[in-house]
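What follows is one structure encoded as structure tokens, with my remarks underneath.
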Amino acid sequence: MPSPPADPATAAALDRLRQGVNPFASQVTTVGTAEESLLSGVPAFAAPQLAELLEVIGQYRAGTATTRAYPVIGDRGAGKTHLFHTLRAELRRQAAEAGDETLLVVVDRLSPGMDAIDYLLWQIVNHFLAHRGDGGRLLGDIAGRLTARLLGEALRQLAPHQRAELTPAGGFWSKLGIGGGAQTQARLDAVEKLVQACGVKHPTPDMIRGAVDEARIKPETALGVVVQHLDRTESKDVVGWLRKELYGRLALVVLLDDREPFQDLHQGDIEDAPANVKNAGNLGRRLLETWLELLANLSIPVVVVFDQLEDYVNSPDKEQERMNKAFFSDSTAKFINELRNVCLLIFAELGFWQDLLNNAEGYVRERLTQPFILPGRPSKSALYMPVKAEPGVVVELIRQRLRVHYSDLDLTGLDDTFPFDAKDVKKFAAEPSIRLCLRAMGKRYDDIVHKPAPIGPGPTLPPTPPPPRDLKRVLAELWKDMLVRAERDIENEESVGTPFIPKVQNALDGWLQCLHQHRLTGSGAWQKVELVTNTKLGAYGYLTVIRTDGPNKPGLGIAAWLGQAKGQPYDLRQRLTYFKLNPCPINRLVLLRQDGEAALKGQATKDAYEKAEKEGRDVRVVPYEPRHLHALMAFTPWLQAASAEVAGAKETDTAADTAFRDYLAELSRELLGWIDAWRLPKGKA
């Protein structure tokens, strides 16, 4: 019997689908913004877990929770990452609609040897120094709230004559015909109005500058009021000095729109600090504590996220994997023991999490399994993902995937399940994970959309099985998409300078670690790849080292020297200190600089470079192009998405691992060529 003809609307929609890609064939949506994900637009999925995570974060906003870990556990493919994306979108909505900000720090990587506390500080600082996007908005919000609070308190404590002196006599007031006592009262009224403006719930920098201007007070004068207030109220010890410096420089951001002193403080600018501060030691740790105290006072929760924990620690090298697990466990315990008011969200695969707990030290296991309490519910030590998707979620997922990939497709008059039917939905909902549900959708989609049409009155030809997925093509599409996202993210940065260095070094370390694990090392073997850190150097204290002569022998150091202005001698000297460490971690140093050796045009910088050469140091300043930085920042998210694709492909494709390794080699050809050249003595590369 021939298949009954489809109605015109359905036939037209199917024709449109045949012209495009299968929207259910990829684990990661490669269309739209970086926030698009498997379950984008499907709030019903894991709704109880989402509600509980928001409630947990709400406790930190209210200041009623202590630092602890909140594991989010589920089988592979259960939708943990997509729950995280939904959570982040909801937190952004809360910030936009109600002003309830959240500092969300997504951990890039944690390399053994890196100080966990120092890493968290730089994650926070880099987030704020982004100038645009979430970080720029949040810095403005924090600075605005703090400055309004300090300015309001300072003005309230001034005597009437001191308030009146904030604006010059005559001038504007005289033009209004106000003089003598009336002029003084008008000036006092203007200051009082400014005090009231400082008391609004969520003052922005623009609002504060506008209120200061309306009161006819110079911004510099208002800043002086804040600084004098801090001098009177803060102690002379290290904590008081850091608080005064941080708060004063945030006020500079608001009142004079000057971010440079704020940036300088986080790059180790303490030349003017008193001796007791300079000699205190561990200033990075103390600065982080000052930040956490401020954020808690402003009711801004600090949420640190490990997404897909297994990706942070897994390694083909069993010894390296053991070290990674131990480092994660120790770092997490350190967060919990030593920091206040930090919420740790850990998204992990069920079997991996259980194995990690079973092999952890007792004190670590206790901290990772501390129960937490939500009102009206029994205590629990973890949140567990749903086992499978409900039919309603499946239907929403179908519609969302079609909307993302086919925005021009008119779905009017079509069933909510199009192109599937009710029986299909029932089968999809029976799958044991959301990932397997999606794969079933992809296979059924090909059967429906690409089946041959009936010819004349004859029987319908049997459907042709879809060709096997071209994994290399999928990996290439993912790479293209991640490059676009990385380029957009970097373009949104007002400047890619010193505060961006830790992120670049972590990205480079991740790429080199992946190459090392897959034994793709160019002309010769690498004994070890590691990220060497020196917390005393701030952002300059990150160096990626490839050890070619032995796991403990000095190796090739690679450091990002970022910035658009001419190279500064201070920047160069900080990197050269690695040659003087004992034991010395490097025998040669490559500095990646966009303008290459043109960075040495300043006489002091040139002198520092030539002095290092005379001392026998192998130092090279190597130019890079913007595309190289885009690729570097795209690699880690690409690797996460590609790993999920390879894991799924291995169920039906025994050559999936080989295809991944081949594409990784192709992707890394230029990078490996650079490293091979750097391994040669200077002048022979």
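Mapping to our numbering: the sequence shown position 374 is 502, numbers consecutive. Positions of the beta carbon are idealized from the N, C-alpha and C atoms, including for glycine. Because the structure is a prediction, the values reported are computed rather than measured.
E658: member of the beta strand (DSSP E) spanning K656 to T661, first to last residue. Within the same chain, Cβ atoms closer than 6 Å to the Cβ of W607 are found at W766, the five residues on either side in sequence being excluded. Restricting attention to F763, V431 and E447, the CA atom closest to the CA of R216 is found in V431. By the criterion of at least three beta-carbon pairs nearer than 8 Å, the segment 514-522 is not in contact with the segment 181-201. Excluding its 5 nearest sequence neighbours in each direction, R527 has C-beta neighbours in its own chain below 7 Å: D544, listed in chain order.
Under the DSSP assignment, D735 falls outside any beta strand (DSSP E), being part of the alpha helix (DSSP H) whose first and last residues are Q731 to K742.
Spatial neighbours of F256 in its own chain (CB-CB distance under 6 Å, excluding positions within 5 residues in sequence) are listed in chain order as G263 and L267. Per DSSP, I714 is one residue of the beta strand (DSSP E) stretching across I714 to R721.
A distance below 8 Å separates the beta carbons of L719 and W689. If you check the CB distance, A557 and V522 come in under 8 Å.
Residue range P754 to A777 is occupied by the alpha helix (DSSP H) that includes F763. P679 and P697 have their C-alpha atoms spaced approximately 32 Å apart. Bounds of the alpha helix (DSSP H) holding V184 are A175 to R189. For V657 against H644, the beta-carbon gap comes to about 5 Å, under 8 Å, which counts as contact.
Only residues of its own chain outside the window of five on either side were considered, and among them V405 have a CB closer than 6 Å to the CB of W369, listed in chain order.
Between L684 and S796, the gap from beta carbon to beta carbon reaches 8 Å or more. Contact check for V441 against E449 passes: the beta carbons are separated by less than 8 Å. For Y198, the three-state secondary structure derived from DSSP is strand. Taking E180 as the centre and dropping the five residues before and after it, the same chain places the C-beta of L502 and L511 closer than 7 Å to its C-beta, in chain order.
Taking C-beta atoms as the reference points, C471 and P429 count as a pair closer than 8 Å.
The three-state reading of DSSP puts E477 in strand, counting E and B together. For E605, the closest C-alpha among the options L145, E320, F463 and V149 is that of V149. When L145, Y752 and V774 are compared, the shortest CA-CA separation from L799 is found for Y752. In this structure, the beta-carbon distance from L422 to A379 does not fall below 8 Å. In the same chain as V577, and ignoring 5 residues on each side of it, the C-beta atoms closer than 7 Å to its own belong to L142, L145, R146 and P547, in chain order. For L511, the pairing in a beta bridge is given by DSSP as V200.
If only complete runs of 3 or more residues are kept, the segment 382-436 shows the beta strand (DSSP E) at 430-434, in order along the chain.
The bridge partners DSSP lists for L671 are V660. In the DSSP annotation of this structure, the continuous segment of the beta strand (DSSP E) that includes I686 starts and ends at G683 to A688.
The beta carbon of Y375 lies closer than 7 Å to those of L274, L278 and L358 in the same chain, with the five residues before and after it left out. By alpha-carbon distance to T672, the top candidate from H758, Q702 and I714 is I714.
Unbroken beta strand (DSSP E) runs of no fewer than 3 residues, entirely contained in the segment 514-558, are not found. Residue environment for K208: buried (at least 16 other C-beta atoms within 10 angstroms of its C-beta). In the three-state reduction of the DSSP assignment, C471 falls in the strand class, which pools E and B. Beta bridge pairing from DSSP links R748 with V718. The beta carbon of T786 lies closer than 6 Å to none in the same chain, with the five residues before and after it left out.
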